[in-house]
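Residue numbers (my numbering), protein chains in the order written: chain A, 74 to 335; chain B, 339 to 633. Comments concern the structure below.
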């Protein structure tokens with residue numbers, strides 16, 4: 074296992090953190106497209122993570138409601154996006170998004186929401202958000218499962234005690250639900266952030282980074298450099314991506330260490 | 339404890355006591371959220387399946403309709419008779435089976451060792467396994483590609499399996515640790531007091547109890563390998579090792595895309611495993627949430 078993961082990492086870091094790597098970085102950074110690449114990556118990570126957490130948490134809270142029936146069936150249906158292979162999902166979405174023949178445009182037009190077809194994947198202003206939505210689609214089930222599990226660890230007695238003490242729903246949510254799910258929510262946020270940062274397939278399959286670099290993000294650019302065989306650039310970008318990931322991981326380890334309960 | 343059981347249990351035991359948990363999110367709002375998420379989650383899947391049954395002349399008809407007006411199996415026949423897909427699916431099955439088998443053998447043994455045998459560094463090792471999950475595949479791409487080609491297994495199924503093991507093995511080892519921990523250690527001790535060796539105790543006591551969990555981990559590994567694209571796309575150069583997801587992008591990457599056949603191929607790749615997963619999902623939810631709740 075060490076050979077399979079640690080050795081490759083060392084190669085990347087040695088190649089990236091060197092005078093050659095530094096020179097190459099400056100060369101890359103001089104290109105205006107590099108700034109767009111970083112901006113896109115930030116938008117991608119923030120919007121993807123927030124979207125996934127919001128959809129997943131909403132689903133978990135809805136599933137937790139005591140009057141909701143057939144919880145198992147709802148949960149199973151909502152797992153389908155998570156199980157579907159990402160390549161399959163991205164291909165289906167690409168067809169769904171198609172400007173001329175896609176069902177999305179025809180549905181929205183017949184509902185009177187839009188007047189003319191939208192180029193979901195070809196318009197530089199919306200393409201990035203359109204692919205973010207696919208990433209959210211593919212990951213929200215995971216968030217839902219985790220938050221759901223956390224919600225179920227709250228003993229019923231706590232709610233009853235809160236009611237006896239006269240706490241309203243908002244107060245109950247703030248003082249009982251939030252603190253109880255905080256730990257898992259923290260871990261889930263980290264995991265989803267890293268997943269989003271490393272997510273490559275939706276963009277690659279649907280737009281390949283286009284139109285005009287509008288959806289280009291770090292992992293996609295890395296793959297492209299790989300196809301071009303540009304090792305110097307791979308080392309530089311891989312080092313950047315690795316350092317961000319290590320930063321997030323260190324944050325996680327530090328926080329788990331500090332907590333005496335673990 | 340599964341999510342499902344707890345809820346039902348509570349409902350049976352205290353039918354009328356409990357407060358509306360989050361009454362601000364009333365039942366109606368909850369249903370709205372669930373319906374919205376279901377439509378969002380299923381729409382692309384429905385479009386995929388519906389398109390796969392559309393005859394060629396309906397696919398590019400305007401305005402686009404969701405359902406085919408005269409369903410046909412032509413697209414499926416095309417995929418199975420005049421494309422590389424059957425070969426690719428065969429490759430995928432083989433690679434995924436090998437990955438699952440090796441992962442269970444190695445990951446299960448390592449997981450047992452971490453859970454049961456005290457040795458220096460168990461803590462850092464299990465954190466390391468978890469963090470291994472966070473490594474970007476695109477970062478590992480070049481070094482792993484070099485490794486695989488220096489081993490001379492480029493464009494072979496073992497080559498694909500090696501790359502898939504890097505993704506699956508650390509995570510499954512970590513999950514296997516909690517599967518083993520869920521078996522009471524007293525069972526093993528009792529067997530050993532009765533004169534069993536540790537190996538015999540594992541075989542006759544731990545394995546039968548942990549069997550459902552181990553099967554679930556095997557299915558999980560199979561799925562991970564089945565779905566993997568990035569490594570497979572660079573290791574497999576030709577049809578001799580190309581896996582189904584890679585073959586699917588070949589389909590959709592052509593200049594004139596045959597969307598009917600592409601969607602039929604996509605359905606063939608995803609539907610069987612989706613059904614299998616839904617049948618066994620309870621075990622995964624159990625394992626995953628147990629791990630997460632304990633931190």
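Virtual Cβ for every residue (Gly too), placed ideally from N, Cα, C.
- Short of 7 Å from the beta carbon of residue 276 (chain A), and not among the five residues preceding or following it, lie these beta carbons of its own chain, in chain order: 204, 282, 288, 290, 293.
- Cβ-Cβ distances below 8 Å link residue 207 (chain A) to 162, 163, 166, 275, 279 in the same chain, with the five nearest sequence neighbours on each side left out; the list follows chain order.
- Taking a contact as a CB-CB distance under 8 Å, the pair residue 386 (chain B) and residue 604 (chain B) counts as one, their CB atoms being some 6 Å apart.
- Residues of chain A whose Cβ lies closer than 8 Å to the Cβ of residue 565 (chain B) are, in chain order, 158, 159, 160.
- Closest option to residue 202 (chain A), judged by alpha-carbon separation, among A:121, A:179, A:295, A:320: A:121.
- Measuring C-alpha to C-alpha distances from residue 404 (chain B) to each of B:393, B:418, B:389, B:395 identifies B:389 as the nearest.
- The beta carbon of residue 147 (chain A) sits closer than 8 Å to some beta carbon of chain B.
- In this structure, residue 155 (chain A) places its C-beta atom within 8 Å of the C-beta atom of residue 214 (chain A).
- Only 267, 270, 271, 273, 274, 278 from the stretch 266-283 of chain A bring a Cβ to less than 8 Å from some Cβ of chain B.
- Look at residue 517 (chain B) here: in three-state DSSP terms it is helix.
- Taking 8 Å as the CB threshold, residue 252 (chain A) stays off the interface with chain B.
- Residue A:194 holds the alpha-carbon nearest to the alpha-carbon of residue 284 (chain A) among A:178, A:300, A:99, A:194.
- The alpha-carbon separation between residue 517 (chain B) and residue 210 (chain A) amounts to approximately 29 Å.
- Residue 195 (chain A) carries a coil assignment under DSSP once its states are collapsed to helix, strand and coil.
- The beta carbons of residue 479 (chain B) and residue 543 (chain B) sit no closer together than 8 Å.
- Between the alpha carbons of residue 146 (chain A) and residue 419 (chain B) lies a gap of roughly 37 Å.
- Neighbours of residue 179 (chain A) across chain B, judged by C-beta separation under 9 Å: 400, 401, 402, 403, 404.
- Taking a cut-off of 8 Å for Cβ pairs, the stretch 171-188 of chain A and the stretch 108-119 of chain A do not touch, as fewer than three such pairs fall below it.
- For residue 208 (chain A), the uninterrupted alpha helix (DSSP H) run begins and ends at 200-225, by DSSP.
- For residue 423 (chain B), the uninterrupted alpha helix (DSSP H) segment begins and ends at 423-454.
- Bounds of the alpha helix (DSSP H) holding residue 279 (chain A) are 274-279.
- Relative to residue 510 (chain B), the option among B:476, B:540, B:470, B:528 whose CA is nearest is B:470.
- Interface flag for residue 191 (chain A) against chain B is unset, since no Cβ pair is found closer than 8 Å.
- Nearest Cα to residue 602 (chain B) within the set B:370, B:525, B:421, B:402: B:421.
- Boundaries of the alpha helix (DSSP H) around residue 121 (chain A): 105-137.
- Between the stretch 494-509 of chain B and the stretch 434-446 of chain B, the count of C-beta pairs closer than 8 Å reaches three or more; the two stretches touch.
- One Cα belongs to residue 576 (chain B), the other to residue 467 (chain B), and the distance between them is close to 33 Å.
- Nearest neighbour of residue 557 (chain B) by Cα position, chosen from B:515, B:621, B:574, B:540, turns out to be B:621.
- Around the CB of residue 273 (chain A), 16 or more other CB atoms lie within 10 Å, so the residue is classed as buried.
- Around residue 128 (chain A), the beta-carbon contacts reaching into chain B at under 7 Å are 375.
- Taking C-beta atoms as the reference points, residue 308 (chain A) and residue 368 (chain B) fail to come closer than 8 Å.
- Residues of chain B whose Cβ lies closer than 7 Å to the Cβ of residue 164 (chain A) are, in chain order, 586, 590, 600, 604.
- For residue 122 (chain A), no CB of chain B lies under 8 Å from its own CB, so it is not counted at the interface with that chain.
- The C-alpha of residue 506 (chain B) is placed about 23 Å away from the C-alpha of residue 299 (chain A).
- Rounded to whole angstroms, the gap between the alpha carbons of residue 474 (chain B) and residue 553 (chain B) is 27 Å.
- Residue-level contact by beta carbon holds for residue 318 (chain A) and chain B, with a gap shorter than 8 Å.
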